[in-house]
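Before any comments, here is the structure.
Protein chains in written order, with this note's numbering: chain H, -12 to 235; chain A, 8 to 235; chain W, 543 to 747.
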């Protein structure tokens, strides 16, 4: 058990293991994404109210779900980095932030595209949309803070603190925004009420959510590998890899 | 010659910070002036119709208070960082999170507290009903304290950076949003005649949570910034 | 002095290594500072003198390897004088943020007199010169009862007479069973033995 943790702290080992995981995970992700998309777009029946436009949920919902989970990945990595001073946790955090931000942005964008035919407007100040927007700001804050530091070690620690503060705050923000929305909007035009989803629509959605988790992991690992190479660019093992790539 | 115990040191930092502000009183006046000027912008931008302004007044007052708090947050630790005083504070035997709480208390006393006291003047200029003034002051007293604590986290994280001013807004504005929601809602409730108690209670809960956790984050942030 | 010199070190650094921007500032550096010792850290600009001092006093906590044991709380005077321009020298010392003892007015006045600031006690510090700011900071050496002093370039902006006085102060502190670790580019002229630690950087292979 301890040797495992010890190895996790070693950049070349982490680089190698991430590469090994990616070799399997990338094809699996691609298959899941493609089959989920085809299933969702072609082999499910149209919604009786929204017609075909609802099909964007196969992108929208998974992106939103994974974007939120990504913040927690980032914050937990931050906690590990602060408590156990594991440098590799910094790498995870640094790698997770842009991926999470991108997913949040995708969720917002697809939400807007979905909103136009459904509600007749690109943007409504709905509780969930507003929360997603705030989540995007939280991600961008972490990215901006990281980029502002010259000393990357300090940048990692500072972002760890910020993402932990964010983790405490996210439930408060979500609850407040939820409550704010219910105060200002009569319940009858609540868009996110109790709607049930038919199982024929649900299964491809679950597949897509799983595929997005895998996609997030892939992007995270690739980002981590890039970050590791950059951080360790002056060490022997990176030079060896560079030499091999150069020859091959 | 034993070192001062924690309470004495807390008072020492507080007195020092307050004295520094007293020596340059304009620092105390600046946020109030900013508050006044932004309030003037709203009738110019939205039109002077009294009922329209009264409608927006709770939100406008709260947003303005939030912004003037935000603009002063950047300076909480800056001068002490620049002249090396913060280094000495890091090495003090007294717990850092209490000293940082002392900084925040001084900041709140010289911004949020004063803002809350002068806010009724501007509220009346925006035609806020007199019955809501008490709630406005209370909500600002509670809410700006939370804002000062959250702002302190941003200030601690960015104090080592050359240009922290804009960045600090990006970092902490998302955390300000719940305070804004409940602060404005409390005043709104008082205007419409519903009891504002629950909203103030939630603000109080936020304040308790912030007092418990924010000083730890500020202390950690300061240590990181001093390390960089 | 002899009794305290035998005892445990006042500061012990064990195999410190520091990388900064791909350069190895120092590697596997060990240091034990005993009572009665004066250490001077030497090295070119950028050799890591200040970084080492900040690690020794505990300001730097990340980014280096190794361990520092501090049985006694050191007094650290950094690059910046930590003097607030809006406060008078007296207030600066009385309300100093390093959280040391509560000093009486007489103690503070006599410390200020010894660094040559007699008559300046109640002037706001922004009218003082840079050298006088440093002197206010040096007055802390007279006030503090810390046994270990960590001084980063204590002679910066101090005039020749002040340097002589400060060196004499260091020597007497060491003779009284204290210890000093300092960085300076100057050759020290003190009555006690000076241990030197030379930092030579090497590019990582």
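Note that CB positions come from ideal geometry on N, CA and C, so glycine has one too.
Extent of the continuous alpha helix (DSSP H) to which residue i belongs
i, result
"residue 195/A", "172 to 199"
"residue 656/W", "647 to 656"
"residue 142/A", "140 to 165"
"residue 42/A", "33 to 53"
"residue 214/H", "186 to 218"
"residue 691/W", "Per DSSP, residue 691/W belongs to no alpha helix (DSSP H); it is in the beta strand (DSSP E), 690 to 694."
Option in the options with minimal Cα separation from residue i
i, options, result
"residue 30/H", "201/H, 216/H, 188/H and 8/H", "188/H"
"residue 153/H", "221/A, 210/A, 103/A and 148/A", "221/A"
"residue 225/H", "2/H, -5/H and 151/H", "2/H"
"residue 203/H", "193/H, 60/H and 115/H", "60/H"
"residue 200/A", "136/A, 79/A and 38/A", "136/A"
"residue 160/A", "50/A, 92/A, 177/A and 169/A", "177/A"
"residue 604/W", "88/H, 151/H, 23/H and 142/H", "142/H"
"residue 84/A", "77/A, 93/A and 78/A", "93/A"
"residue 642/W", "575/W, 648/W, 683/W and 592/W", "683/W"
"residue 197/A", "101/A, 146/A, 166/A and 218/A", "146/A"
"residue 195/H", "7/H, 33/H, 165/H and 47/H", "47/H"
"residue 20/A", "192/A, 38/A and 99/A", "99/A"
"residue 10/A", "69/A, 101/A, 48/A and 42/A", "101/A"
"residue 158/H", "4/H, 44/H, 56/H and 23/H", "56/H"
"residue 147/H", "58/H, 155/H and 62/H", "62/H"
"residue 32/H", "137/H, 133/H and 185/H", "185/H"
"residue 237/A", "660/W, 712/W and 627/W", "What is shown of chain A runs 8 to 235, which leaves residue 237/A out entirely."
"residue 231/A", "574/W, 597/W, 601/W and 706/W", "601/W"
Contact set for residue i: own chain, Cβ-Cβ below 7 Å, skip 5 residues either direction
i, result
"residue 173/H", "Confidence at residue 173/H is low in this model, with a pLDDT of 48, below 50, so the placement of that residue should be treated as unreliable; the coordinate-derived value is given next. Closer than 7 Å at the Cβ level, and outside the excluded window around residue 173/H, lies no residue."
"residue 599/W", "616, 618 and 692"
"residue 201/H", "12, 15, 16 and 19"
"residue 625/W", "634, 667, 675, 678 and 679"
"residue 701/W", "673"
"residue 42/H", "27 and 28"
"residue 50/H", "90, 93, 94, 97 and 199"
"residue 104/H", "40"
"residue 664/W", "630 and 632"
"residue 550/W", "613"
"residue 109/H", "99, 102 and 103"
"residue 175/H", "Per-residue confidence for residue 175/H stands at a pLDDT of 41, beneath the threshold of 50, marking its modelled position as unreliable; no derived number is given."
"residue 73/A", "154, 183 and 187"
"residue 206/H", "86"
Endpoints, the beta strand (DSSP E) within which residue i is located
i, result
"residue 722/W", "721 to 725"
"residue 562/W", "553 to 562"
"residue 641/W", "Element bounds for residue 641/W: n/a, residue is neither H nor E."
"residue 572/W", "565 to 575"
"residue 737/W", "736 to 740"
"residue 706/W", "Premise fails: residue 706/W lies in the alpha helix (DSSP H), 702 to 717, not in any beta strand (DSSP E)."
"residue 611/W", "606 to 611"
"residue 618/W", "617 to 619"
Contacts around residue i, its chain only, beta-carbon distance under 6 Å, and the 5 residues preceding and following it disregarded
i, result
"residue -2/H", "215 and 219"
"residue 180/H", "Because the pLDDT of residue 180/H is 47, which lies under 50, any placement of that residue in the model is unreliable, and the question is left without a value."
"residue 214/A", "149, 152 and 153"
"residue 177/H", "Residue placement at residue 177/H is poorly supported in this model, since its pLDDT is 44, which falls under 50; the coordinates still yield a value, given next. Excluding positions up to five away in sequence, the list is empty."
"residue 657/W", "677, 680 and 681"
"residue 226/A", "103, 104 and 107"
"residue 133/A", "60 and 64"
"residue 169/A", "none"
"residue 73/H", "-4 and 67"
"residue 87/A", "93"
"residue 229/A", "163"
Beta-carbon proximity list for residue i, same chain, < 8 Å, skipping 5 on both sides
i, result
"residue 144/H", "68, 69 and 77"
"residue 37/H", "104 and 105"
"residue 689/W", "552, 577, 614, 719, 720 and 721"
"residue 210/A", "146, 149, 150, 153, 186, 189, 190 and 193"
"residue 119/H", "51, 54, 91, 94, 95 and 98"
Any non-hydrogen atom of the ligand PLP within 6 Å of residue i CB
i, result
"residue 36/A", "For the structure depicted, the ligand PLP is absent and the ligand set is empty, with no information on it obtainable."
Between the segment 170 to 186 of chain A and the segment 147 to 157 of chain A, are three or more C-beta pairs nearer than 8 Å? Proximity of the segment 170 to 186 of chain A to the segment 147 to 157 of chain A meets the contact definition, three or more beta-carbon pairs being nearer than 8 Å.
Which runs of the alpha helix (DSSP H) at least 4 residues long sit entirely within the segment 59 to 144 of chain H? Give them in chain order. As for any alpha helix (DSSP H) of minimum length 4 sitting wholly inside the segment 59 to 144 of chain H, the runs are 74 to 106 and 114 to 135, ordered along the chain.
I'd like to know if the segment 126 to 140 of chain H and the segment 80 to 87 of chain H are in contact, where contact means that at least 3 CB-CB pairs between them fall below 8 Å. Contact between the segment 126 to 140 of chain H and the segment 80 to 87 of chain H is present, with at least three C-beta pairs closer than 8 Å.
Should the segment 204 to 211 of chain A be regarded as contacting the segment 88 to 108 of chain A, the criterion being three or more beta carbon pairs within less than 8 Å? No: fewer than three Cβ pairs fall under 8 Å.
Are three or more beta carbon pairs between the segment 133 to 149 of chain A and the segment 92 to 101 of chain H nearer than 8 Å? No: fewer than three Cβ pairs fall under 8 Å.
Give, in chain order, every unbroken run of the alpha helix (DSSP H) that is at least 4 residues long and sits entirely within the segment 104 to 134 of chain A. Those alpha helix (DSSP H) runs which fall completely within the segment 104 to 134 of chain A and span 4+ residues are 119 to 132.
Three or more C-beta pairs closer than 8 Å, one from the segment 716 to 730 of chain W and one from the segment 576 to 594 of chain W: is that the case here? The segment 716 to 730 of chain W, when compared against the segment 576 to 594 of chain W, does touch it at the 8 Å Cβ threshold.
Contiguous beta strand (DSSP E) assignments of at least 3 residues, all confined to the segment 58 to 93 of chain A: Here no run is fully enclosed.
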